[in-house]
Amino acid sequence: MMALLALAFAGCGDWGVGDDGYYGGRQFNERFHYYYGQECYYDFGDYVCASAYSLSSVLNIAVRVEPDGFATLYYDDQGPLYYYEDEYVYGYDAHYGDYFQFGLNSDDVLTVYLDGLEAVYSDSWNDVEYHYYYDF
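In my numbering, each number is its position in the sequence shown, counted from 1, plus 3.
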């Protein structure tokens with residue numbers, strides 16, 4: 004009887020392995036392709052964007068996030084780039100939805116929206132953003 008009681012109480016515990024991780028314990032693994040680009044320049048508090056254009060070659064971005072939060076990024080011809088969960092941001096934008104944001108170096112940040120429709124490369128040194136779109 005005691006063995007059954009112990010087994011019943013054990014069934015109430017968390018049998019999961021490890022913590023939930025930065026992305027809620029879920030694995031994320033996607034490859035995105037972007038066909039259009041647009042340059043936006045900082046102009047006294049706002050970004051002014053040029054006309055969108057077709058990219059001469061497809062921009063490929065792949066993001067993989069493990070359940071423990073460890074991430075791998077392939078950005079065009081760069082990669083693999085590795086990040087621990089405290090080295091990137093998982094966030095939500097009311098307009099574009101969920102995103103991952105990776106620092107590429109001290110001045111550049113890549114934001115990848117999880118719906119795959121847009122990615123933004125921000126160059127803070129030159130005050131320019133490059134927006135990449137799946138469709139325009």
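Backbone N, C-alpha and C fix where the C-beta goes; we use that ideal spot for every residue, glycine too.
The model shown is predicted, which means the values in this text are computed figures rather than measured ones.
DSSP places Glu132 inside the beta strand (DSSP E), whose first and last residues are Val131 to Tyr136. By the Cβ-count criterion, Leu58 is exposed, with fewer than 16 other Cβ atoms from all chains shown falling within 10 Å of its own Cβ. Contact between Gly40 and His134 holds: their C-beta atoms lie close to 7 Å from each other, under 8 Å. Linking Phe35 to Asp130 through their CA atoms gives a straight-line distance of about 25 Å. For Tyr124, same chain residues with a beta-carbon under 6 Å away, outside a window of 5 residues either side, are Leu113 and Tyr133 in chain order. Taking C-alpha positions only, Thr75 is separated from Leu120 by approximately 20 Å. Under the three-state reduction of DSSP output, Glu69 falls in the coil class, being neither helix nor strand. Measuring C-alpha to C-alpha distances from Ala122 to each of Ser109, Tyr86 and Gly100 identifies Gly100 as the nearest. DSSP places Asp46 within a strand segment (E or B) once states are collapsed to three. Distance from the CA atom of Ala65 to the CA atom of Tyr95, rounded to whole angstroms, is 19 Å.
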